[in-house]
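Residue numbers (the working numbering), protein chains in the order written: chain A, 5 to 94; chain B, -14 to 970. Please read the structure below before turning to the comments.
As structure tokens, this is what we get:
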């Protein structure tokens, strides 16, 4: 866990303003196979090291963010808006 | 007389004497004293009893690592246990009491433990109190806790205030000794925002206790000059009495400032302590070094203290620790103490130097025993002699204080709190600060600088490097010449063999050398195991003094380097922090926010009893004269709603305004039922699912205009639904044009229900609200008489003709009053959430008692609300899994007792008729139950295996908790008006 998160909209803020949802996984389309949906809803990698997580700036701009961090060293490599990062990947 | 105050000297203000008491006896000290220095000045060296053996103890340090001189300060609600007298500032009226002794400090019956010590070694609790296990909780543990212990907490409420705050800086400097002051000054001159903190009330650190000349000035005067210059910078924040106790991620430091711990009666306008979170771009650890005690027989006798402590008491406080002081040293520090004492006219009886030779200068006429060692000390509550051994010959030397110098350990705790381990150095014979990457470095003696001049240079150069990194012009510091330094080198001496008495390694926990040996022999060899087994390095001081010796001794016993043994784990807090400071203002009624509805005032004046529901205080029922129990009130409210009308506060429901051209499509995707074609002016009940197919939340959403909807959620899930909508919008379907804003707190919302609801409402609304103009599930903005715009929804949670009226929060009470006034002649009553619950159970409406995370829409009889023709909605894909469609799932049913005078409660299990009352035959459970005043008996909703096929079956309701079994009939989950005629009136 980090102590400070640099929100792309609000700047550097204490972690208490955020809530964490968990791993960033793309929602499958409705037509995808059961296996893909099973993985999406139930299966998580739980890696040691670098990890991408959804964080919600609940007490700030109310935007969902993607926090790229190392869950071993607690280093944060980057924080982007979830919507912007999704669009950027297209 | 042994210890005494010198006639002159020291940094105490002799013009300001302070009176205080210790164990009821009155003493005098000076402004600038610590409690310990004042007690020593009064020749009161005995300050406590040890934890296990109740041995008499005095201070062994002059600072925050103190393991012995713990006492309770203050009285009544302000009494605080385990305060280190060595850091407690003296104030007028201070009262201190010693701990862990009975009947008195000088004569403690618990000292009999010392005689039993052969049986009280490491692990003795584990070995002795094993059997029978049942006695552990009731007998052994309370017994041990009483016998061995520290101070006692007061049970009175803390009368003082505490606060928390944030601070930001370019450079944080921890410690205000030569390195810290010079670092702060260099960065300040360069223009950086500097925050410098020191645990002491006075800045200067070792400059206040070392007898050297810097740039032609006494060290303390030089320090005062630096402090004065620092104070002149607007970009410098100076925080005395502030301990930086922790280093956290992202260069956030935790610190506690003791704002008013040095006054007898704190001002109510200030907190007594404040916890700071300091965000620093860079940080310098200038926390100095700790002098290690030597480990020899009887090294815990009062009067035995580190050479550095003896020097500090002498130079900073003007107090001689004894009249005949002996020194036991393995390096230059002991000689410096001897020299300083001698120069102030204190007799030094001998210097016992563990080294065979040395070049350190002894004061004139003082005998030096090279290659010697102290093997025992004598004296009852105070040392009166020591036994020195050299080349096999023993000699008794009279003394009333013994200064011991065992080498130096840099204070590196903060840098090791995030996983990095300190690094052993053979050259320094100490564990050094690890490289924790850029941004945080140790400077001065914390960084192993070996002289005051080196500390000054180190602080300046490290601050200059950081200033440059941060884009400030580096300032070339002018380091003056330091005269009169001593050589702090030392030769390692972990312990003195052949001890005639216990040789303590950890004073606070009474751990001695043989305990460490026992731990090794019994297999607790890993240093973390050794720590837990012997308790060495535990409790309030966390082994600040003894840990390095523990490691060194274990290494010596095993014949390896201390590097191979390693250290135990460093964690915050560096020194104890009070619970009050950590709680800050979050205590009593401020521990959690209190949410009250905009109709709270209305409910209160109508006689509401409130119930805590999450953070909310909701009106539960409205008792009237003559009603003896809550049930009397609830039954009346329910009957009145069914016969006349009632007004209920539903403002706690979550309310979300939804805007945008994509709002209809969005709602269609987050609700399981169809929302695309909801007309303007209509409300619709909706079910939201989780992606796994279970019901997440329910509520109504109304379309107020083409692209504006208002959603209600349950009170419980208001926050979660909002976050869920935002998540879906921002990450699943960012191209849908939809925006949300929570308006839960902006609207006062009230439900007016009952056959007379329309008549009453018409009296306060301008608009036509006839059934034709405002049919069931109508939703529109209306004008109240007087001109206020309000939102009116014709929705019912009771099965009666009902409306929900929402007005801006500030108007809520006035509108509710107006409705009560308008309905008086028709018998309106206020009703609370208890009656609301009975009304909805009678109609079979569900709440989170049924939407409990394991139910699908079909389980609840809402299968029709799965619009499977929609291409996608949250929860659709997994809802068709076999497990969620199986015929033997728990399904919602109604339950009524066969004999109508029998009752059951929610949580009871459902069993087949005649089945044994065990969980083996569990068929489901009662989710909601109440007494129905309409029917005159208990009714319930339950989730029953294949429930819908079993209508009419007789089952058993088994309440294992209360030991009751009630025969019940399974029925449809609607008890009142199954044809829904009343809500359509």
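All C-beta atoms, glycine included, are put in the ideal place defined by N, C-alpha and C.
Rounded to the nearest angstrom, the gap between the Cα atoms of residue 393/B and residue 277/B is 6 Å.
Contact between residue 85/B and residue 135/B holds, with the beta-carbon distance rounding to 6 Å and staying under 8 Å. The segment 866 to 877 of chain B and the segment 834 to 854 of chain B touch, with three or more beta-carbon pairs separated by less than 8 Å. By the criterion of at least three beta-carbon pairs nearer than 8 Å, the segment 38 to 56 of chain B is in contact with the segment 521 to 531 of chain B.
Taken atom to atom, the span from the alpha-carbon of residue 237/B to that of residue 67/A is near 24 Å.
Beyond the five residues adjoining it in sequence on each side, residue 79/B comes within less than 6 Å, by CB distance, of 5 in the same chain, given in chain order. The beta-bridge partner set that DSSP reports for residue 847/B is empty. Counting only residues of its own chain and dropping the five nearest sequence neighbours on each side, residue 660/B has a CB closer than 8 Å to the CB of 649, 652, 653, 669, 671 and 686. The criterion of a C-beta distance shorter than 9 Å is satisfied by residue 437/B and residue 470/B.
For the 9 Å CB-CB criterion, residue 631/B and residue 815/B form a contact. In the structure shown, residue 459/B adopts coil according to DSSP, grouped into three states. Any Cβ of chain B closer than 9 Å to the Cβ of residue 12/A would place that residue at the interface, and such an atom is absent. At a cut-off of 9 Å between beta carbons, residue 71/A makes no contact with chain B. Leaving aside the five residues that flank residue 768/B on each side, the residues in its chain whose CB is nearer than 8 Å to its CB run, in chain order, 750, 751, 752, 774 and 775.
Within chain A, the C-beta atoms nearer than 7 Å to that of residue 233/B come from 7, in chain order. Neighbours of residue 86/A in chain B, taken as residues at a C-beta separation under 7 Å, are given in chain order as 715 and 716.
Rounded to the nearest whole angstrom, the C-alpha separation of residue 176/B and residue 456/B is 10 Å. Counting C-beta pairs with one atom in each stretch, the segment 355 to 367 of chain B and the segment 379 to 391 of chain B have three or more that are closer than 8 Å, which means they touch.
For the segment 835 to 916 of chain B, the continuous beta strand (DSSP E) assignments of 3+ residues that do not extend past its boundaries occur at 875 to 882 and 894 to 897, in sequence order.
Note on residue 818/B: 16 or more other CB atoms within 10 angstroms of its CB, so buried under the neighbour-count rule.
When C-beta atoms of the segment 309 to 329 of chain B are compared with those of the segment 279 to 295 of chain B, three or more pairs fall below 8 Å, so the two segments count as touching. Within chain B, the residues whose beta carbon sits less than 7 Å from that of residue 66/A are 711, listed in sequence order.
At a cut-off of 9 Å, the C-beta of residue 38/A has a neighbouring C-beta in chain B. Within chain A, no residue has its CB atom less than 7 Å from the CB of residue 957/B, the nearest being about 33 Å off. Residue environment: residue 196/B is assigned as buried (16 or more neighbouring CB atoms within 10 Å of its CB, all protein chains considered). Among the CB atoms of chain A, one or more fall inside 9 Å of the CB of residue 863/B. Burial is judged here by how many other beta carbons sit within 10 angstroms of a residue's own beta carbon; residue 735/B has at least 16 and is buried. At a cut-off of 9 Å between beta-carbon atoms, residue 642/B makes no contact with chain A. In this structure, the beta-carbon distance from residue 733/B to residue 796/B falls below 9 Å. Annotation: residue 615/B is outside any beta strand (DSSP E); the continuous alpha helix (DSSP H) that includes it extends over 615 to 628. For residue 45/A, the C-beta contacts it makes with chain B under 7 Å involve 676, 677 and 863, in order along the chain. Cβ contact annotation for residue 150/B (same chain, cutoff 8 Å, sequence separation greater than five): 259, 260, 261 and 262, in chain order. Pairing residue 962/B with residue 828/B, the inter-Cα distance amounts to about 7 Å. Between the C-alpha atoms of residue 560/B and residue 477/B there is a straight-line separation of about 27 Å. Assignment of residue 660/B by DSSP, reduced to helix, strand and coil, places it in the coil class.
In the DSSP annotation of this structure, the continuous segment of the beta strand (DSSP E) that includes residue 633/B starts and ends at 631 to 634.
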